[in-house]
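Peer 1:
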Amino acid sequence: MSSAAFVLITVLTLAAALAAATLQKLMHATLSFALTLVGVAALFFLLGAEFVGLVLVFVYIGAVAVLIVFTILLTRRDVGKDRGSNWGGAFLAVAVFGGLTWAILKTQSVAIVAPHIRALTVKRIGEALMTSYVWPLQCVGLLLTAALIGALVLVMEEKR
Amino acid sequence: MINQSIDGFLHPNVSKSVDQIFVNAKQSLLWLLSWLTGAPDWVIQVASSLINIFALLFVFLTLFALMSVLERKILGRIQNRYGPNRVGPFGLLQPVADGIKMLIKEDIVPARADKLVHFLAPILIAAAAILALGVIPYGRNMTPFTIDGGVLFFFAVGSTTELAVFMAGWGSNNKFSMLGAMRAIAQMISYELPLIITVLPVVMVVGSLTPDRIVAAQAQYTFGFVPRWFVFTPWGATAFILFFVSGLVESNRTPFDIPEGESEIVAGHMTEYSGFKYATFFMAEYIGMFAITGLAATMFLGGWHSPVQALEFIPSYVWFLAKLSALLLVYIWLRGTLPRTRIDQIMNFAWKFILPMSFTCVIAAAVWHYAGRGLRGWLWSFLVIAIAYTVLSMLLDTQRKFAPRTYRFAE
Amino acid sequence: MSRWIIDHLCLIPAVPFAASLAILSLPIGRHKGAAALAVAGQIAALVMSFFAFLPTLQAPGFRAVQNFTWFTFGDHALRLGWVLDPLAAVMLMMITLVGLCIFIFSTGYMAGDRNFVRFFAYLSFFSGAMLGLVISNSLLLLFICWELVGLASYLLIGFWIERPSAAAAAKKAFITTRIGDMGFFLGLLWLYGRSGTLLFYDDGNGCLESAGLAMLGASAVSVALLIFCGAVGKSGQFPLHVWLPDAMEGPTPVSALIHAATMVAAGVFLVARVYPIFSLGAIDGVTSSLRVVVWIGVTTALMAALIAIAQADIKRILAYSTVSQLGLMMVSLGVGGVAAGMMHLLAHGFFKALLFLGSGSVIHGCHGEQDIRKMGGLRQLMPVTFFTYAIGMMALSGVPLFFSGGWTKEEILQVTAHWPASRLPYYFLLAGVILTALYMTRQIIYVFFGDRRAGSQHAHESPRVMTIPLIVLASCAILFSIVLTPAWPWLHDYLADEPVHFEFARLIQPTLFLSLVLVGAGVALGIWMYRKAGAQDRQRPADTDPLEFAQPQLFRFLENKMWIDELYARTVIAFSWMSARLSDWMDRHFWDRLVRGVGAIGQLLGTFTTTVDERGINAGVDETTGGTRGLGRLMSAAHSGQIQTYLGVIAIGVLALLLFYAWLA
Amino acid sequence: MTPTLQVVLIVSAALFSAGLLAALSRRHAIFILIGIEMMLAAANLNFIAFWRFSPQSQSPTGVMIAIFSIAIAAAEAAVGLALVIAVYRHYRTTNVDHLDQLKG
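This is the structure we're talking about:
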């Protein structure tokens with residue numbers, strides 16, 4: 648895993664994330680959120696999980712980002728005026744980051760480099776999904792169906 | 004060492020045939036590079052990628068140019084008039100002229116536009132389209148980027164197009180653009196499902212998401228002359244047709260070009276774009292077309308394999324281009340022939356016919372597989388598809404579905 | 205065809221049942237449809253019975269059994285079944301044939317009744333139940349059909365429900381027969397307890413076959429007697445005969461079908477069916493149970509015959525004659541002449557149906573007049589009715605040689621004469637013969653001879669639809685005797701499973717002359733007594749019976765059915781009424797008080813607990829709730845409703861946890 | 002040098018905190034959703050990282066969990082956004098400060 652690429656992608660991702668958290672225009676925030684996820688997907692690639700990366704891009708850029716955008720559109724009157732941000736939350740976030748970093752640095756057991764493994768092919772993932780993970784898979788399918796129907800019911804125009 | 008480092012591009016027996024000419028050329032180039040400057044491996048890798056990218060861009064931009072003029076000429080013929088015939092022989096230099104015009108045109112950005120987004124949209128859309136080209140095998144050992152699960156990559160990249168289109172619509176602060184973008188996204192999302200699901204049977208049958216594998220799986224011939232392309236199985240044929248139609252929608256082509264229908268909304272999400280940005284959009288659209296048709300050829304038409312064993316000697320990339328251009332000609336032909344559909348018609352068609360049919364394809368492929376991939380499987384899957392088709396067309400009586408539209412949301 | 209029928213015996217009853225259901229589903233006005241359906245069902249049953257009858261002719265001792273499992277409880281299966289043997293076959297033929305005639309007759313007789321449809325539904329229902337009864341191969345199934353038959357008779361007797369007398373008669377019939385059925389059911393249970401099966405024939409394991417009988421052992425007598433109770437109830441034997449005459453409240457065809465031809469014969473049929481149980485362990489054909497049967501039969505026969513003499517209602521006379529004839533059959537069964545008894549049953553079925561239909565036609569002609577003393581001189585007005593009626597009368601009173609009744613009566617007399625136990629029944633029966641001839645002659649004279657009186661002024665012959673069945677039945681009553689004569693005792697041997705052979709010499713038996721003399725005497729006596737009946741005699745008013753004139757007390761005694769109803773009224777009914785009053789009183793004044801007292805105690809307790817609840821418990825609960833509410837108010841202040849606050853708090857918690865763990869490590 | 006697990010974890014922690022920032026400090030409901038999604042992405046990154054760095058990385062457990070969590074996140078986003086729309090229809094606002102009907 649080439650560190651140069653890693654650094655590059657990391658910087659990009661974190662910058663995008665910060666932008667997503669702080670940009671004033673909601674639309675811009677959303678787009679940078681999408682960019683963040685692209686970065687995360689790239690990190691997945693680097694970590695040797697291409698499939699998950701692709702799925703991430705696929706789901707988030709293809710579906711979630713578009714959904715968010717649509718929502719923004721449908722609630723447009725309210726988008727423009729975003730009253731600033733409360734500093735308590737910001738402080739809290741920073742505190743959490745500090746705590747996490749401190750804890751991570753404190754634990755020595757995670758200071759390891761990646762072992763060499765044979766690439767995780769999509770075939771293996773598929774086999775695992777279809778054999779030992781088939782039950783969770785079904786459950787997720789059910790969940791998605793339920794979510795689909797639920798979302799539809801929620802946004803349905805009440806008949807007048 | 005180099006050959007190892009340059010992964011996967013090596014065929015076990017590198018033949019000196021014409022077929023491998025480009026591959027060999029590239030390899031020698033790289034070898035030369037590494038010999039001249041003892042650069043480390045990763046540099047060589049980057050270099051090879053760059054070579055691939057440039058080759059792709061070159062080929063497809065040329066193709067785009069050709070396509071644009073060809074389309075106009077063929078449309079002209081269809082509409083019983085001459086196409087462009089002034090610039091150069093047979094108007095072949097028309098695209099050059101257009102390019103120059105586009106370049107020197109003023110680039111107008113609306114005052115109230117969201118500048119950044121407005122600027123980024125065309126770039127993103129073009130990037131997505133070009134990226135999608137990267138995973139298609141154009142010939143024997145001629146896959147620019149062999150990544151495991153390339154098909155998924157293709158769709159993942161393709162799905163970013165929607166976001167780009169939306170950015171265009173939103174960025175140029177204009178109701179026509181917005182409406183166009185909404186329409187585009189709506190139909191794209193609706194047709195992305197069938198697009199993926201119709202590829203699913205192929206993936207199931209081959210057992211891999213890698214385009215190379217899929218092409219290899221269609222290599223053999225039955226009785227020596229009938230190629231084992233998936234389009235020759237009932238599910239394959241159905242899936243191919245559905246895929247083709249969905250692709251038509253995905254690339255906003257007539258008869259599904261409502262997002263940029265001139266007569267309704269000026270130019271959809273491209274309304275506020277001019278000059279080179281507009282050209283970029285245009286190019287992106289065409290390249291997306293190439294990508295879709297290329298994937299279709301790879302998935303169903305046996306990729307770069309020749310239809311007849313006797314014609315093996317003709318280089319593989321020629322075969323691929325032949326298939327590609329055939330499909331493109333169908334695109335043009337349809338555009339010249341069919342009128343524009345209505346948004347509600349498109350939606351009904353997507354959700355009530357195409358989607359169920361593509362699921363049927365999956366089932367039929369499963370039947371085909373479990374009935375032993377032979378004649379029996381053929382007949383059974385055909386039966387499944389026929390039944391599904393009859394039932395659907397019974398349920399979906401056109402009188403009701405295509406009745407005059409009711410404007411529910413436009414008050 | 206026959207094969208098929210035998211495999212699907214249950215169709216024979218099923219068809220009329222289906223017909224009745226179909227009819228019930230018709231709207232009220234559809235007379236034609238109802239009649240058509242009913243008659244069609246009956247014809248179908250007749251045809252099928254005929255085809256079922258044929259194979260029984262081939263081999264003597266033919267028996268086709270098909271059993272099936274009704275339901276299983278635990279490891280034990282309750283099995284029912286159908287059987288076809290000569291007994292069942294002839295009964296089938298008789299029921300369907302007579303039934304058909306009566307159905308056709310009643311299409312004419314009931315025309316104009318607004319409940320026509322309901323009537324035919326009931327009729328078909330009855331016919332189905334009866335057919336099921338005769339072919340059932342299980343005592344339980346037989347019992348079920350038996351009860352269905354009872355229900356049908358109840359419905360039909362009370363058909364003119366608006367008449368209180370009809371309703372009362374229906375109730376009476378139902379309850380009286382129920383008394384007998386109680387015994388029947390007890391016997392059934394007992395039998396089941398002993399032999400473990402209720403199937404008659406179950407290739408060797410049936411309760412009528414050696415194995416079952418062996419298991420029955422000594423209790424056979426009591427079982428037999430209990431079952432006989434049922435027979436007594438149904439076929440109106442002595443203690444329980446009271447319902448049968450009242451049953452004449454029903455429409456005449458009903459009386460003909462149910463209370464003369466078929467249903468009342470069910471008792472006799474039952475005894476004949478389970479005869480092995482009766483005759484188990486018989487010393488030369490005599491067991492105590494059979495003894496009871498004989499004596500009950502004799503009593504019934506004589507008593508009914510006597511009562512019949514003094515009756516004025518044309519149908520009541522016939523009813524009592526039926527009772528006495530049934531007694532006759534019982535006697536013949538009791539003395540061991542099963543075949544004879546059944547023969548008489550069949551013959552009786554024909555001519556009694558004929559007589560009842562004849563009476564029906566008379567009543568119809570006389571516009572519903574039933575009192576014979578108001579009729580007279582109908583001979584010219586209704587010739588067909590007269591002739592057929594005369595034939596029926598002669599068959600009933602047993603005129604030998606030409607009439608079926610005569611031959612069967614001969615048979616019975618002979619077997620009775622050879623009863624080892626005692627000769628008394630024989631003499632009683634001879635007396636009964638005379639009486640029968642007497643009251644029939646009386647009836648004939650009253651109805652058809654002499655000059656017309658009030659009821660018969662505007663009489664008219666009945667329509668063809670009613671007369672044709674009469675003719676058919678009359679010819680049956682005569683022609684039936686062909687198979688009865690001792691010269692060629694086909695039916696006898698057929699029923700007794702013996703090969704039949706023709707021998708003309710046996711035609712004339714010595715006893716024949718005796719009965720000839722007796723019948724002649726009876727008829728002569730009748731003519732002599734009643735020659736002037738209904739007419740003005742010396743110092744005797746026209747409307748008083750000659751016998752009444754001669755022997756007032758005796759006549760009163762007979763006319764009132766020997767006061768038996770009154771006896772029951774005084775004893776049984778009075779007793780039950782008293783007990784009812786008593787229990788009512790108890791209920792009002794004793795149990796009621798008891799209950800109220802208990803209730804009062806409960807109330808007391810209730811008030812007590814209420815006070816405790818309110819004073820004691822609630823107070824504490826209130827305190828608690830108050831505290832909780834206060835606490836809740838306190839807590840709810842922390843709920844700002846701001847998601848982000850919550851989120852922030854969670855984040856703080858996470859942070860704290862993190863630090864805590866880090867500190868631990 | 003090649004990045005160690007620590008580095009990756011720190012990156013994901015940063016991502017997580019960014020998400021938390023978005024979720025805590027912004028008023029618009031959609032921002033909160035975005036923040037939550039980002040936190041989920043960070044969690045997935047952790048899963049993948051632990052899988053990649055674990056000595057027995059033959060069994061793709063982490064990858065599986067990541068896939069499933071992505072699916073669930075998608076469902077959650079769909080429902081959440083639908084809720085936002087519904088709330089907007091009802092209250093004509095998406096400012097979470099004004100949505101405090103549950104105030105005790």
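Residue numbers (our numbering), protein chains in the order written: chain A, 648 to 807; chain B, 4 to 414; chain C, 205 to 869; chain D, 2 to 105. From the three backbone atoms N, C-alpha and C, an ideal C-beta is built for every residue, glycine too.
Does the distance from the C-beta atom of GLY686(A) to that of LEU659(A) stay below 8 Å?
Peer 2: As a first step, residue 686(A) is located in the first sequence; it is residue number 39 there, counting from the start. As a first step, residue 659(A) is located in the first sequence; it is residue number 12 there, counting from the start. Yes, Cβ-Cβ distance for GLY686(A) and LEU659(A) is below 8 Å.
Peer 1: What do you get for PHE215(B), buried or exposed, if any count of 16 or more other CB atoms within 10 angstroms of its CB means buried?
Peer 2: Numbered from 1 along the second sequence, position 212 holds the residue referred to as residue 215(B). Reading off the sequence shown, one finds Asp at residue 215(B), where the question assumed Phe. Buried, by the Cβ-count rule.
Peer 1: Less than 8 Å between the C-beta atoms of SER528(C) and ALA508(C), yes or no?
Peer 2: For the purposes of this step, residue 528(C) is identified with residue 324 of the third sequence, where counting begins at 1. For the purposes of this step, residue 508(C) is identified with residue 304 of the third sequence, where counting begins at 1. Yes; because the gap between Cβ atoms is below 8 Å, this pair is in contact.
Peer 1: Examine chain A for any beta-carbon lying closer than 8 Å to the beta-carbon of LEU868(C), and answer yes or no.
Peer 2: The sequence position of residue 868(C) within the third sequence is 664, counting from 1. Not an interface residue.
Peer 1: Indicate whether ILE199(B) and PHE158(B) have their beta-carbon atoms separated by less than 8 Å.
Peer 2: Taking the first residue of the second sequence as 1, we reach residue 199(B) at position 196. Taking the first residue of the second sequence as 1, we reach residue 158(B) at position 155. For ILE199(B) and PHE158(B), yes; Cβs fall inside 8 Å.
Peer 1: Please go through the same chain and pick out, in chain order, the residues whose beta-carbon is closer than 7 Å to the beta-carbon of LEU791(A), but skip the five residues on each side of it.
Peer 2: Stepping through the first sequence from its first residue, residue 791(A) is reached at position 144. No residues qualify anywhere along the chain.
Peer 1: Note down the Cα distance separating SER26(D) from ASP98(D), rounded to an integer number of angstroms.
Peer 2: Locating residue 26(D) in the fourth sequence gives position 25, counting from the first residue. Locating residue 98(D) in the fourth sequence gives position 97, counting from the first residue. If I take the Cα positions, the gap works out to 11 Å.
Peer 1: Using a Cβ-Cβ cut-off of 8 Å, state whether ILE37(D) counts as contacting chain A.
Peer 2: Translated into the one-based positions of the fourth sequence, residue 37(D) becomes position 36. Chain A contact via Cβ: absent.
Peer 1: Anyone know if the C-beta pair for ALA184(B) and HIS121(B) falls short of 8 Å?
Peer 2: Stepping through the second sequence from its first residue, residue 184(B) is reached at position 181. Stepping through the second sequence from its first residue, residue 121(B) is reached at position 118. Result no, Cβ atoms of ALA184(B) and HIS121(B) do not sit closer than 8 Å.
Peer 1: What are the boundary residues of the beta strand (DSSP E) that LEU284(C) is part of?
Peer 2: Residue numbering aside, residue 284(C) sits at position 80 when the third sequence is read from its first letter. Where LEU284(C) is concerned, the enclosing beta strand (DSSP E) stretches over 280 to 288.
Peer 1: Any heavy atom of the ligand MG closer than 7 Å to the Cβ of HIS372(B)?
Peer 2: No copy of the ligand MG appears in this structure; indeed no ligand is present at all.
Peer 1: Can you check whether the C-beta of LEU859(C) is within less than 8 Å of a C-beta belonging to chain D?
Peer 2: Here residue 859(C) is taken as the residue at index 655 of the third sequence, counted from 1. Output row for LEU859(C): interface = no.
Peer 1: Look at ILE708(A) and LEU166(B) and say whether their C-beta atoms are less than 8 Å apart.
Peer 2: Taking the first sequence and counting its residues from 1, the one referred to as residue 708(A) is at position 61. Taking the second sequence and counting its residues from 1, the one referred to as residue 166(B) is at position 163. Yes.
Peer 1: Would you check if the distance between the CB atom of LYS104(B) and the CB atom of VAL112(B) is smaller than 8 Å?
Peer 2: Along the second sequence, read from residue 1 onward, the residue named residue 104(B) stands at position 101. Along the second sequence, read from residue 1 onward, the residue named residue 112(B) stands at position 109. Contact: no.
Peer 1: For a cutoff of 8 Å on Cβ pairs, would you count LEU359(C) as touching chain E?
Peer 2: Annotation note: the requested chain E is absent from the structure, which comprises protein chains A, B, C and D.
Peer 1: With C-beta atoms as the reference, is TRP274(C) less than 8 Å away from LEU288(C)?
Peer 2: In the third sequence, the residue the question calls residue 274(C) occupies position 70. In the third sequence, the residue the question calls residue 288(C) occupies position 84. Against a cut-off of 8 Å, the Cβ pair of LEU288(C) and TRP274(C) comes out as no contact.
Peer 1: Is the beta carbon of ARG577(C) sitting closer than 8 Å to the one on GLU453(C)?
Peer 2: Taking the third sequence and counting its residues from 1, the one referred to as residue 577(C) is at position 373. Taking the third sequence and counting its residues from 1, the one referred to as residue 453(C) is at position 249. No, these two residues do not count as a Cβ contact at 8 Å.
Peer 1: With three or more beta-carbon pairs closer than 8 Å as the criterion, would you say the region 498 to 508 of chain C touches the region 622 to 641 of chain C?
Peer 2: Segments in contact, yes.
Peer 1: What residue range is occupied by the uninterrupted alpha helix (DSSP H) comprising ASN47(D)?
Peer 2: Here residue 47(D) refers to the residue found at position 46 when the fourth sequence is read from its first residue. Residues 30 to 54.
Peer 1: Give every residue of the same chain whose Cβ lies closer than 8 Å to the Cβ of VAL741(A), excluding the five residues on either side of it in the sequence, and list them in chain order.
Peer 2: As a first step, residue 741(A) must be located in the first sequence, where it is residue number 94. Once the five neighbours on either side are set aside, VAL741(A) has no close Cβ partner at all.
Peer 1: Kindly indicate which three-state DSSP category ASN409(C) falls into: helix, strand or coil?
Peer 2: Residue mapping note: residue 409(C) aligns to position 205 of the third sequence, counting from 1. Coil, per DSSP.
Peer 1: Taking only three categories from DSSP, how would you classify LEU390(B)?
Peer 2: Walking along the second sequence from the start, residue 390(B) turns up at place 387. For the sequence presented, residue 390(B) should be read as Ile rather than Leu. Residue state, collapsed to three classes: helix.
Peer 1: For MET2(D), which residues from the same chain have a beta carbon less than 7 Å from its beta carbon, with the 5 sequence-adjacent residues on both sides left out?
Peer 2: Here the question's residue 2(D) lines up with position 1 in the fourth sequence. Interpretation of MET2(D) is limited by its pLDDT of 46, a score under 50 that renders its predicted location unreliable; the figure taken from the coordinates is listed afterwards. If we look at MET2(D) and ignore the five residues flanking it on each side, it has no Cβ neighbours.
Peer 1: Under the three-state reduction of DSSP, which class applies to ARG207(C): helix, strand or coil?
Peer 2: The sequence position of residue 207(C) within the third sequence is 3, counting from 1. ARG207(C) falls in the helix class under three-state DSSP.
Peer 1: Alpha carbon to alpha carbon, how far is VAL234(B) from THR241(B)?
Peer 2: The residue you call residue 234(B) lines up with position 231 of the second sequence. The residue you call residue 241(B) lines up with position 238 of the second sequence. Between VAL234(B) and THR241(B), the C-alpha separation is close to 8 Å.
Peer 1: So ALA23(D) contacts chain A; which residues on that side make the cut at Cβ distance below 7 Å?
Peer 2: The residue given as residue 23(D) occupies position 22 in the fourth sequence. Those are ALA667, ALA668, listed as they occur along chain A.
Peer 1: Relative to the alpha-carbon of ARG373(C), which residue among LEU327(C), PHE794(C), ARG520(C) has its alpha-carbon at the smallest distance?
Peer 2: Your numbering for residue 373(C) matches position 169 in the third sequence. According to the sequence provided, residue 373(C) is Ala. The question's Arg does not apply to it. With distances taken between Cα atoms, ALA373(C) lies closest to ARG520(C).
Peer 1: Return yes when the Cβ of SER162(B) is within less than 8 Å of the Cβ of PHE705(A), no when it is not.
Peer 2: Taking the first residue of the first sequence as 1, we reach residue 705(A) at position 58. Taking the first residue of the second sequence as 1, we reach residue 162(B) at position 159. Their beta carbons are under 8 Å apart, which means PHE705(A) touches SER162(B) by this criterion.
Peer 1: How about ALA129(B) and VAL160(B): do their beta carbons lie closer than 8 Å?
Peer 2: Taking the second sequence and counting its residues from 1, one reaches residue 129(B) at position 126. Taking the second sequence and counting its residues from 1, one reaches residue 160(B) at position 157. No, the pair does not count as a contact, with Cβ atoms beyond the cut-off.
Peer 1: Just to confirm the assignment: which complete alpha helix (DSSP H) runs, minimum length 4, are found wholly within the region 256 to 331 of chain B?
Peer 2: List check, alpha helix (DSSP H) in window: 278 to 303.
Peer 1: What residue does the beta strand (DSSP E) around PHE122(B) start on, and which one ends it?
Peer 2: As a working note, residue 122(B) is residue 119 in the second sequence. Looking at the DSSP string, PHE122(B) is not in any beta strand (DSSP E); the run it does join, the alpha helix (DSSP H), is 118 to 136.
Peer 1: State the Cα-Cα distance for the pair VAL787(A) and VAL80(D), rounded to the nearest angstrom.
Peer 2: Within the first sequence, the letter at position 140 stands for residue 787(A). Within the fourth sequence, the letter at position 79 stands for residue 80(D). Roughly 15 Å between the two C-alpha positions.
Peer 1: Excluding sequence positions up to five away, which residues of its chain have a Cβ less than 7 Å from the Cβ of VAL311(B)?
Peer 2: As a working mapping, residue 311(B) is identified with position 308 in the second sequence. The answer, listed in chain order, is PHE228.
Peer 1: Between the region 206 to 213 of chain C and the region 383 to 390 of chain B, can you find at least three pairs of beta-carbon atoms closer than 8 Å?
Peer 2: As far as the Cβ criterion goes, the region 383 to 390 of chain B does not touch the region 206 to 213 of chain C, which means the pair count is below three.
Peer 1: Assess, as a yes-or-no matter, whether the region 312 to 322 of chain B is touched by the region 147 to 158 of chain B under the definition of 3 or more beta carbon pairs within less than 8 Å.
Peer 2: No, they do not touch.
Peer 1: Look at the Cβ atom of GLY137(B), then the Cβ atom of THR213(B), and state whether they are nearer than 8 Å.
Peer 2: Position 134 of the second sequence, counted from the first residue, corresponds to residue 137(B). Position 210 of the second sequence, counted from the first residue, corresponds to residue 213(B). The answer is no: Cβ separation not under 8 Å.
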